[in-house]
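There are 2 protein chains.
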Amino acid sequence: MDKLTVKQQRILNFIEKHRVKKTYPPTLKEIGDNFGITIGTVQDHIYALQKKGHLERKKDIARGFVVIKSEEEQYFDKMKAEADLIPLYGNVAAGEPIFANDNIQGYVTMEKSSKGHNIHFALRIKGNSMIDSGIYDGDIVIVRKQDTAEDGEIVIALLDDEATVKTLRNKNIKAYLEASNSKYKSIINKPFQIIGKVIELRREYNVI
Amino acid sequence: MDKLTVKQQRILNFIEKHRVKKTYPPTLKEIGDNFGITIGTVQDHIYALQKKGHLERKKDIARGFVVIKSEEEQYFDKMKAEADLIPLYGNVAAGEPIFANDNIQGYVTMEKSSKGHNIHFALRIKGNSMIDSGIYDGDIVIVRKQDTAEDGEIVIALLDDEATVKTLRNKNIKAYLEASNSKYKSIINKPFQIIGKVIELRREYNVI
DNA sequence: TATTATGCCATATTGATTTATGGATAAACT
DNA sequence: AGTTTATCCATAAATCAATATGGCATAATA
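Given below as structure tokens:
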């Protein structure tokens with residue numbers, strides 16, 4: 011990967027930008043037109059870019075340019091491609107469906123969800139019942155959908171038709187939900203259903 | 011955007027995948043070869059895709075396909091494109107440079123950093139001095155580089171050549187750093203330098 | 001000083017790619 | 001029953017685009 015001259019770099023940038031914006035790379039003529047030079051001259055530049063290892067070319071193939079990226083760029087591209095956008099749901103009142111489309115407040119980027127899609131979602135926390143576990147009112151939790159969990163894990167549970175965040179207590183004969191705030195009582199005698207398990211917490215500080 | 015037949019959808023997918031993987035769209039012949047059909051047949055399919063509004067075509071232009079995406083897809087693409095990867099630094103011992111390349115533990119995706127690049131970074135928290143503010147050992151904070159901050163904001167400060175997380179107290183004549191844990195003393199009489207301000211907190215729960 | 005790299009032009013040829021036409025069949029729809 | 005739609009085929013013409021060649025000038029390099 012030898013260093014490029016200003017002109018060569020400009021031409022390389024043009025090819026890549028053209029590709030991204032128009033969805034296909036330019037022809038030699040289009041490159042020439044853009045820079046006010048002839049096809050022959052473009053050939054020279056393309057040849058230089060190839061020799062320096064910044065560009066690949068498919069022989070006899072129209073627009074057959076392949077811009078070579080550095081390892082770092084490739085790594086970044088890969089990470090971005092693997093990043094998922096998961097929906098952020100607002101906390102709902104009792105009885106309302108959680109996963110309703112009009113309850114989506116936005117989307118949150120999340121690193122590679124090794125497993126399939128539609129498994130994760132984000133939820134904005136309301137209330138202080140988990141404050142002793144460092145989860146505050148207004149925080150966002152990222153949840154992996156599952157209907158079981160281990161003792162001590164923080165789960166989203168459906169209780170009286172309302173979604174709540176609690177620590178699961180599974181040790182004894184009977185599982186129950188524990189609030190992480192001494193002012194709140196643990197819930198023992200109500201039936202509940204586990205919706206998912208909290209795998210990440212996010213808190214946004216108001217940027218002034 | 012009429013519904014597509016199975017065949018039409020397959021051809022549209024082929025065009026898009028070809029474009030992404032090879033960096034340029036296929037020709038009519040290449041499409042035909044892939045599906046074992048002739049150019050004439052491909053013309054028919056392309057025509058149908060255009061009529062149904064899923065594909066645009068540049069006249070007389072080799073590989074001039076533009077796959078039309080739904081508004082949702084466009085929104086997702088845009089968000090992904092705007093997402094930044096910022097470096098995650100480990101906490102360093104006194105005297106060592108924080109922003110050293112070999113102190114990068116990984117990268118974290120972050121939503122649109124409205125302002126330019128290189129302004130944000132992430133830092134893994136060590137210790138419990140901020141526990142009363144809900145920041146725990148092992149948490150990751152996302153920091154915006156800046157050398158001043160307001161009273162009450164959580165900052166990364168350089169103190170005795172070591173980076174620490176503290177709440178800035180700016181009210182009085184003299185600014186000082188406050189630990190959010192009653193077991194720790196606030197730091198009043200030492201000189202410090204603000205590196206940046208915490209704008210987001212992330213905590214990953216160990217996924218079993 | 002000879003050589004190499006850069007940057008430019010012009011032109012002809014070959015090959016790739018699109019476009020245009022016409023025809024055929026089966027299924028779905030009016 | 002007639003019409004449209006979805007699939008297919010074959011072939012020729014037009015033109016787009018890549019390739020091949022040769023030549024010129026300047027600056028950097030061996």
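One line per chain: the protein sequences are C and E, in this order. Oh and the first sequence: position 58 is 68 in the working numbering, straight run, nothing missing. Oh and the second sequence: position 39 is 49 in the working numbering, straight run, nothing missing. Cβ coordinates follow ideal geometry from the N, Cα and C atoms, glycine included. Only a predicted model underlies this, so the values are computations on that prediction, with no experimental measurement involved.
Who are the near neighbours of residue i in its chain, counting only those whose CB is closer than 6 Å to its CB and skipping five residues on each side?
i: Gly100 of chain E; result: Asn113, Gln115 and Arg134
i: Ile96 of chain E; result: Val118, Met120, His130, Phe131 and Ala132
i: Arg212 of chain C; result: Ile150
i: Lys155 of chain E; result: Ile129 and Gly206
i: Met11 of chain C; result: Gly63
For residue i, which residues in the same chain have their Cβ closer than 7 Å to its Cβ, ignoring the five residues on either side in sequence?
i: Tyr34 of chain C; result: Arg73
i: His28 of chain E; result: Pro35 and Pro36
i: Ala159 of chain E; result: Val165, Leu178, Ile204 and Lys207
i: Asn180 of chain C; result: Glu160 and Asp161
i: Ala167 of chain E; result: Thr174, Lys176, Leu187, Phe202, Gln203, Ile204 and Ile205
i: Ala91 of chain E; result: none
Counting along the chain, where does the beta strand (DSSP E) carrying residue i start and finish?
i: Leu133 of chain E; result: His130 to Arg134
i: Asp87 of chain E; result: Segment Glu81 to Glu92 is the alpha helix (DSSP H) holding Asp87 of chain E; no beta strand (DSSP E) there.
i: Glu160 of chain C; result: No beta strand (DSSP E) holds Glu160 of chain C; DSSP gives it neither H nor E.
i: Glu66 of chain C; result: Leu65 to Arg67
What in chain E is Cβ-close to residue i, meaning under 8 Å?
i: Lys136 of chain C; result: What Lys136 of chain C touches in chain E: nothing, since even the nearest Cβ is about 16 Å away.
i: Arg29 of chain C; result: Thr33 and Tyr34
Using DSSP's beta-bridge definition, name the partner residues of residue i.
i: Arg179 of chain E; result: E:Tyr186
i: Ala167 of chain C; result: C:Thr174 and C:Ile204
i: Tyr117 of chain E; result: E:Pro97
i: Ile150 of chain E; result: E:Arg134 and E:Arg212
i: Ile197 of chain E; result: E:Leu187
Check the Cβ of residue i against every Cβ in chain C and list those closer than 9 Å, keeping chain order.
i: Thr119 of chain E; result: Met89, Lys90, Ala93, Thr119, Met120 and Glu121
i: Arg212 of chain E; result: Glu210, Leu211, Arg212 and Arg213
Since residue i meets chain E, which of its residues come closer than 7 Å, beta carbon to beta carbon?
i: Val208 of chain C; result: Tyr215
i: Val76 of chain C; result: Thr33
i: Arg67 of chain C; result: Those do not exist, as Arg67 of chain C stays about 11 Å from chain E at its closest Cβ, beyond 7 Å.
Under 7 Å Cβ-Cβ, which residues of chain C neighbour residue i?
i: Phe24 of chain E; result: Within chain C, no residue comes near Phe24 of chain E; the closest Cβ sits about 14 Å away, beyond 7 Å.
i: Ala72 of chain E; result: Ala72 and Arg73
i: Gly100 of chain E; result: Result: empty, since nearest Cβ-Cβ is about 18 Å, beyond 7 Å.
Between residue i and the rest of its own chain, which residues show a CB-CB distance below 8 Å, the 5 nearest in sequence each way excluded?
i: Ala93 of chain E; result: Thr119, Met120, Glu121 and Lys122
i: Gln53 of chain E; result: Leu38
i: Arg20 of chain C; result: Phe45
Residue i lies in the alpha helix (DSSP H); which residues open and close that run?
i: Lys61 of chain C; result: Ile49 to Lys61
i: Phe230 of chain E; result: Coverage of chain E is limited to positions 11 through 218, which leaves residue 230 of chain E absent and any answer about it impossible.
i: Phe75 of chain E; result: That residue, Phe75 of chain E, is in no alpha helix (DSSP H); its beta strand (DSSP E) goes Phe75 to Val77.
i: Ile25 of chain E; result: Val16 to Lys32
Residue i touches chain E at which residues, Cβ-Cβ below 9 Å?
i: Phe86 of chain C; result: Leu95 and Tyr117
i: Arg179 of chain C; result: The premise fails here: Arg179 of chain C is roughly 16 Å from chain E at the closest Cβ pair, so nothing lies under 9 Å.
Can you list the residues of chain C that residue i reaches, using a CB-CB cut of under 8 Å?
i: Val165 of chain E; result: The premise fails here: Val165 of chain E is roughly 11 Å from chain C at the closest Cβ pair, so nothing lies under 8 Å.
i: Tyr146 of chain E; result: Gly144
Quiz item: Using 8 Å as the Cβ pair cut-off and three pairs as the minimum, do the stretch 65–84 of chain E and the stretch 12–32 of chain E touch?
Solution: yes
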